[in-house]
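Trainee: Below is the structure I would like to discuss, written out as C-alpha coordinates.
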(Lines of atoms letter the chains of each structure in order from A and count residues from 1; the text may use other names and numbers.)
(Lines give C-alpha, C1' and ligand atoms only; values in the text may rest on other atoms or scores of the structure.)
Protein backbone atom coordinates (compact mmCIF):
# COMPACT_ATOMS: atom_id res chain seq x y z
CA UNK A 1 0.00 0.00 0.00
CA UNK A 2 2.74 2.48 0.90
CA UNK A 3 4.52 1.84 -2.41
CA UNK A 4 1.40 2.50 -4.48
CA UNK A 5 0.82 5.79 -2.62
CA UNK A 6 4.42 6.84 -3.32
CA UNK A 7 4.06 5.99 -7.00
CA UNK A 8 0.74 7.84 -7.16
CA UNK A 9 2.31 10.93 -5.61
CA UNK A 10 5.25 10.71 -8.05
CA UNK A 11 2.94 10.45 -11.08
CA UNK A 12 0.83 13.33 -9.76
CA UNK A 13 3.92 15.53 -9.41
CA UNK A 14 5.05 14.71 -12.94
CA UNK A 15 1.61 15.62 -14.29
CA UNK A 16 1.72 18.99 -12.55
CA UNK A 17 4.80 19.86 -14.59
CA UNK A 18 3.71 18.38 -17.93
CA UNK A 19 2.53 20.82 -20.56
CA UNK A 20 3.29 23.97 -18.62
CA UNK A 21 5.05 26.62 -20.71
CA UNK A 22 8.45 27.89 -19.74
CA UNK A 23 8.30 31.06 -17.68
CA UNK A 24 11.09 32.59 -19.74
CA UNK A 25 10.94 32.60 -23.54
CA UNK A 26 14.17 34.57 -24.01
CA UNK A 27 17.83 33.63 -23.84
CA UNK A 28 19.06 33.99 -20.27
CA UNK A 29 22.66 34.89 -19.53
CA UNK A 30 23.52 35.60 -23.15
CA UNK A 31 25.85 38.33 -24.30
CA UNK A 32 25.47 41.02 -26.94
CA UNK A 33 27.50 40.01 -29.99
CA UNK A 34 29.69 42.70 -31.53
CA UNK A 35 28.67 43.68 -35.08
CA UNK A 36 30.30 41.37 -37.62
CA UNK A 37 31.02 38.52 -35.19
CA UNK A 38 28.39 36.26 -36.81
CA UNK A 39 28.41 37.43 -40.46
CA UNK A 40 26.24 34.56 -41.73
CA UNK A 41 23.39 35.22 -39.26
CA UNK A 42 20.55 37.48 -40.43
CA UNK A 43 17.47 39.01 -38.82
CA UNK A 44 14.10 38.70 -40.58
CA UNK A 45 12.10 41.83 -39.79
CA UNK A 46 8.57 42.99 -40.51
CA UNK A 47 7.97 46.13 -42.57
CA UNK A 48 7.65 47.98 -39.26
CA UNK A 49 11.10 46.79 -38.20
CA UNK A 50 10.08 44.16 -35.62
CA UNK A 51 12.35 41.13 -35.68
CA UNK A 52 10.31 37.92 -35.90
CA UNK A 53 12.71 35.28 -37.21
CA UNK A 54 16.32 34.62 -38.04
CA UNK A 55 18.18 32.93 -40.83
CA UNK A 56 21.60 31.98 -42.16
CA UNK A 57 23.25 33.15 -45.36
CA UNK A 58 23.91 30.28 -47.76
CA UNK A 59 25.61 32.44 -50.39
CA UNK A 60 25.36 36.02 -51.66
CA UNK A 61 21.77 35.48 -52.91
CA UNK A 62 20.16 32.89 -50.62
CA UNK A 63 19.06 32.72 -46.98
CA UNK A 64 17.80 29.60 -45.20
CA UNK A 65 15.20 30.09 -42.47
CA UNK A 66 12.36 28.18 -40.82
CA UNK A 67 9.18 27.56 -42.83
CA UNK A 68 6.95 28.92 -40.05
CA UNK A 69 8.55 32.34 -40.58
CA UNK A 70 6.81 32.65 -43.96
CA UNK A 71 3.23 31.33 -43.78
CA UNK A 72 1.35 30.67 -46.97
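Numbering (mature numbering (1 follows the signal peptide of the UniProt record, and there is no 0)), first residue to last: -19 to -1, 1 to 53.
Glycine included, every Cβ here is placed at the ideal spot set by N, Cα and C.
Since the structure is predicted, the reported quantities are computational estimates derived from the model, not experimental observations.
(1) Restricting to Cα atoms, I'd like to know which of 33, 49, 42 is closest to residue 24.
(2) So what does residue 44 bridge to, in DSSP terms?
(3) Residues bridged to residue 25 by DSSP?
(4) Quick one: Cα of residue 36 to Cα of residue 26, how far?
Mentor: So, from the listed chains and residues:
(1) 33
(2) In DSSP, residue 44 forms a bridge with 38.
(3) Partner(s): 34.
(4) 11 Å
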